[in-house]
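Just so you know, the protein sequences line up as chains A and V, in that order. The letter at position 43 of the first sequence is residue 354 when you use my numbering, and the numbering goes up by one with no holes. The letter at position 47 of the second sequence is residue 292 when you use my numbering, and the numbering goes up by one with no holes.
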Amino acid sequence: MAVEFDGGVVMGADSRTTTGSYIANRVSDKITELTDKIWICRSGSAADTQAISDYLKYYLAMHSVELNEEPLVRTAAALGQQMCYSNKNAVQAGLIVAGWDRAKGGQVYNIPLGGTLVRQPFSIGGSGSTYIYGYCDAHYKPGMSKEECLTFVHNSLALAMARDGSSGGVIRTVVITKDGIERNMVPGNRLPIFYEGP
Amino acid sequence: MGDNIMAYNGGSVIAMAGKNCVAIASDLRYGIQNHTVGFDFPKVQRVNEHTFVGLPGLLTDTQTFHEKLNYRMKMYSLRENREMKPQVVAHMCESLLYERRFGPYFVEPVIAGLENGTTPYLCAMDLIGATLKTQDFVLAGTSSQAMFGLAETLWKPDLDADHLFEVISQVMLNAVDRDALAGWGCRVWVMTPEKVTVRDLKARQD
Numbered sequence: 312m313a314v315e316f317d318g319g320v321v322m323g324a325d326s327r328t329t330t331g332s333y334i335a336n337r338v339s340d341k342i343t344e345l346t347d348k349i350w351i352c353r354s355g356s357a358a359d360t361q362a363i364s365d366y367l368k369y370y371l372a373m374h375s376v377e378l379n380e381e382p383l384v385r386t387a388a389a390l391g392q393q394m395c396y397s398n399k400n401a402v403q404a405g406l407i408v409a410g411w412d413r414a415k416g417g418q419v420y421n422i423p424l425g426g427t428l429v430r431q432p433f434s435i436g437g438s439g440s441t442y443i444y445g446y447c448d449a450h451y452k453p454g455m456s457k458e459e460c461l462t463f464v465h466n467s468l469a470l471a472m473a474r475d476g477s478s479g480g481v482i483r484t485v486v487i488t489k490d491g492i493e494r495n496m497v498p499g500n501r502l503p504i505f506y507e508g509p
Numbered sequence: 246m247g248d249n250i251m252a253y254n255g256g257s258v259i260a261m262a263g264k265n266c267v268a269i270a271s272d273l274r275y276g277i278q279n280h281t282v283g284f285d286f287p288k289v290q291r292v293n294e295h296t297f298v299g300l301p302g303l304l305t306d307t308q309t310f311h312e313k314l315n316y317r318m319k320m321y322s323l324r325e326n327r328e329m330k331p332q333v334v335a336h337m338c339e340s341l342l343y344e345r346r347f348g349p350y351f352v353e354p355v356i357a358g359l360e361n362g363t364t365p366y367l368c369a370m371d372l373i374g375a376t377l378k379t380q381d382f383v384l385a386g387t388s389s390q391a392m393f394g395l396a397e398t399l400w401k402p403d404l405d406a407d408h409l410f411e412v413i414s415q416v417m418l419n420a421v422d423r424d425a426l427a428g429w430g431c432r433v434w435v436m437t438p439e440k441v442t443v444r445d446l447k448a449r450q451d
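Written as structure tokens, this is what we have:
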């Protein structure tokens, strides 16, 4: 998921990759760098999203050299949309492109399965997201600070990880502002705890 | 129900033998494919004074088969006026499963008990009643491959009750942590000639 705040964005993801029901990687990194200040949350097929991210990284690097400027988040998102929409029958990729640029500050763009592109104040994706739509709608407020966004992301992800078999592991977060990047990891035994049965 | 009906709900059970004691452990997840619905669904029941039966697999069949088994065991104890021995419990399960050879119950029983109150008895079965008796450990469920690796490494003969508890707990916890469809807590029962203890393990809730 990714949440916009005044001055940047907070991105968060779980760390579980499964092949069938076997957990192939319990510490994966699903938040990938495209440029300094534009990162992407990947969900769906790991191979498809890794290939798309590699292309995006390359295209954005070329574009930024040609432009002689940092690329816009909207550009990265639009390129992502092109790749997902044109290959919609071949790929299974749910992407959230988020970052900071000088034009519009912090932005979050959601690209779900068919290749729609929509900018949202906050965005959730992946199989675990279905379990937290209600929670997110109830707890999101516009104008949250960076710390409030981080708490919101940690709580939402912890709830999804508890209910979804395909989500789990650790919570990785990336905070992007004009001043740079902050990466963090909360291990499984320090996740927020909610209802866990009688 | 998908391509693998035994993985529709998920879940795992393992039983081990020690010196004059047995231990059996089950995860607590109740899930429907990758949606976790409940956290308090053990797949193991203590069916009489000296026997546990674990039934991982399709959970509706787990419940039904437990009910059938309980019914048959109560009738036996009313008629015979004595308790069913663990080996007899196993043979009864085998028979109940083979009755449904061409439309089976989707469970893989794991049976653990103390013959005569002292000698460990372990037995596992496939879904149509083929039995396997062994002296070390038996297991079944979606985490079976991971559990095999850990059990082969950690099990030793003649462990006492406390060490057996530690070994079976570590096997269970680390195996289910690599399985997306099992976990959300584990319960371990240890049976000695004197008593039965049951403990819940502190496990990852994801």
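Just so you know, even glycine gets a beta-carbon here, dropped at the ideal spot from N, CA and C.
Does R346(V) pass the burial test, meaning 16 or more other C-beta atoms within 10 Å, or should it be called exposed?
R346(V) should be labelled exposed.
Is any beta-carbon of chain A found at less than 8 angstroms from that of H280(V)?
Answer yes: the Cβ-Cβ gap between H280(V) and chain A drops below 8 angstroms somewhere.
Give me the residue from L341(V), G348(V), L377(V), I373(V) with the minimum Cα distance to I356(V).
The shortest CA-to-CA distance from I356(V) to any of L341(V), G348(V), L377(V), I373(V) is the one to L377(V).
Would you tell me roughly how many angstroms separate the C-alpha atoms of K452(A) and Q393(A), rounded to the nearest one?
K452(A) and Q393(A): Cα-Cα distance of roughly 31 angstroms.
CB contact flag (G283(V), G255(V), <8 angstroms):
Not a contact, by the Cβ cut-off of 8 angstroms.
Quick check on this structure: which residue in L371(A), A335(A), Q403(A) has the alpha carbon closest to the alpha carbon of P423(A)?
For the residues L371(A), A335(A), Q403(A), the minimum Cα distance to P423(A) belongs to Q403(A).
Starting from E380(A), trace the alpha helix (DSSP H) both ways and give me its first and last residue.
Run containing E380(A): none; DSSP gives neither H nor E here.
Below 8 angstroms, can you find three or more Cβ-Cβ pairs linking the region 401 to 411 of chain V to the region 259 to 271 of chain V?
A contact between stretches requires three or more CB pairs, one per stretch, nearer than 8 angstroms, and the region 401 to 411 of chain V meets this requirement with the region 259 to 271 of chain V.
Less than 8 angstroms between the beta carbons of L406(A) and G391(A), yes or no?
Here L406(A) is near G391(A), since their CB atoms are less than 8 angstroms apart.
The region 488 to 506 of chain A touching the region 351 to 362 of chain A, judged by at least three CB pairs closer than 8 angstroms
Taking a cut-off of 8 angstroms for Cβ pairs, the region 488 to 506 of chain A and the region 351 to 362 of chain A do not touch, as fewer than three such pairs fall below it.
Can you give me the C-alpha to C-alpha distance between C395(A) and A389(A), rounded to a whole angstrom?
Using only the alpha carbons, I get a separation of about 10 angstroms.
What residue does the alpha helix (DSSP H) around S493(A) start on, and which one ends it?
According to the sequence shown, residue 493(A) is Glu rather than Ser. No alpha helix (DSSP H) holds E493(A); the beta strand (DSSP E) holding it covers 491 to 497.
If you check the beta carbons only, do S339(A) and S356(A) fall under 8 angstroms apart?
Not in contact: S339(A) and S356(A) (Cβ atoms no closer than 8 angstroms).
With burial defined as no fewer than 16 other Cβ atoms inside 10 Å of the residue's Cβ, what is the status of L372(V): buried or exposed?
By the 10 Å Cβ count, L372(V) comes out buried.
Using a C-beta to C-beta distance shorter than 7 angstroms, which residues of chain V count as neighbours of M455(A)?
Within 7 angstroms Cβ-Cβ: nothing; M455(A) doesn't reach chain V, min ~26 angstroms.
Assuming I250(V) contacts F351(V) (C-beta within less than 8 angstroms), just tell me the rounded distance between them.
Between I250(V) and F351(V), the beta carbon gap of about 5 angstroms places them in contact (Cβ cut-off 8 angstroms).
What does M322(A) pair with, by DSSP beta-bridge criteria?
M322(A) is bridged to A313(A), V485(A).
What first and last residue would you give for the alpha helix (DSSP H) that runs through G391(A)?
384 to 397 is the extent of the alpha helix (DSSP H) around G391(A).
Taking a Cβ distance cut-off of 9 angstroms, strictly less, list which residues of the region 466 to 480 of chain A are near chain V, in chain order.
Against chain V - using a Cβ distance shorter than 9 angstroms - the residues of the region 466 to 480 of chain A are A469, M472, A473, R474, D475, G476, S477, S478, G479, G480.
By how many angstroms is the C-alpha of V485(A) removed from the C-alpha of G439(A)?
About 19 angstroms.
Given L384(V) as reference, the closest of M246(V), G247(V), S271(V), Y253(V) once Cα atoms are compared
Looking from the CA of L384(V), the closest CA among M246(V), G247(V), S271(V), Y253(V) belongs to S271(V).
Taking DSSP as the reference, what is the three-state secondary structure of T379(V)?
Looking at T379(V) - three-state DSSP - the assignment turns out to be coil, as it is neither helix nor strand.
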